[in-house]
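See structure below.
Residue numbers (our numbering): 3 to 158.
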């Protein structure tokens, strides 16, 4: 039940966060295709072959955007920010939802002297709420005091 609660944004008090609604909005904005139930039925065998355990879950998740009113854009915008203040990017080596390599690519895309990489060697989605004091100190210093951690900082 703990995994189910976590995936559905259920807190210890029994209340739910906006996690699912936010993810639907993000996924629909990011993806151009709009899948119908018929599309999923056709693709279901491929998903089941890829994962007997999660195939159905992932395949049927594609219909969440079927009637989404705003078209999606499967493009990656140019995020170069020459001359911008340093932007802290935290990569978590054990995050199953947002791969660590994506954070490294974002630092490169922001440009030299702009993207500042901090690596969190931990498990789970997200780093700040992990309870890791090193990450919290770096983020708090950055957001509250404008103190930029040294590029390449590793928190474990």
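Backbone N, C-alpha and C fix where the C-beta goes; we use that ideal spot for every residue, glycine too.
Keep in mind it's a predicted model, so treat the numbers as computed, not measured.
Count the other CB atoms within 10 Å of the CB of residue i; is the residue buried (16 or more) or exposed (fewer)?
i: residue 3; result: exposed
i: residue 93; result: buried
i: residue 81; result: exposed
i: residue 68; result: exposed
i: residue 5; result: exposed
i: residue 38; result: exposed
How long is the line joining the alpha carbons of residue i and residue j, rounded to whole angstroms?
i: residue 155; j: residue 89; result: 14 Å
i: residue 118; j: residue 41; result: 42 Å
i: residue 36; j: residue 147; result: 44 Å
i: residue 52; j: residue 59; result: 12 Å
i: residue 140; j: residue 44; result: 48 Å
Taking residue i as part of the beta strand (DSSP E), name the residues at either end of that continuous run.
i: residue 130; result: Taken as a continuous stretch (DSSP letters only), residue 130 belongs to no beta strand (DSSP E), as it is neither H nor E.
i: residue 94; result: 89-96
i: residue 116; result: Unbroken run through residue 116: none, as it is neither H nor E.
i: residue 156; result: 155-157
Based on Cα-Cα distance, which residue from the options lies nearest to residue i?
i: residue 133; options: 148, 143 and 158; result: 158
i: residue 127; options: 153, 97 and 13; result: 97
i: residue 34; options: 140, 50 and 70; result: 70
i: residue 23; options: 61, 95 and 66; result: 66
i: residue 101; options: 115, 56, 122 and 16; result: 122
i: residue 79; options: 108, 54, 129 and 130; result: 108
Which stretch, first to last residue, makes up the alpha helix (DSSP H) that contains residue i?
i: residue 42; result: 39-52
i: residue 67; result: Premise fails: residue 67 is in no alpha helix (DSSP H) and is neither H nor E.
i: residue 6; result: 4-9
i: residue 22; result: 21-32
Please list, in chain order, all residues of the same chain as residue i whose beta carbon is under 6 Å from its beta carbon, the five residues on each side excluded.
i: residue 2; result: Here the chain comprises residues numbered 3 to 158, so residue 2 is not present and cannot be evaluated.
i: residue 125; result: 96
i: residue 111; result: 81
Residues in the same chain with beta-carbon distance under 7 Å from residue i, minus the five sequence neighbours each way, listed in chain order, please.
i: residue 113; result: 82, 83 and 84
By Cβ distance below 8 Å, which residues in the same chain neighbour residue i in space, the five residues on each side in sequence not counted?
i: residue 31; result: 72, 74 and 75
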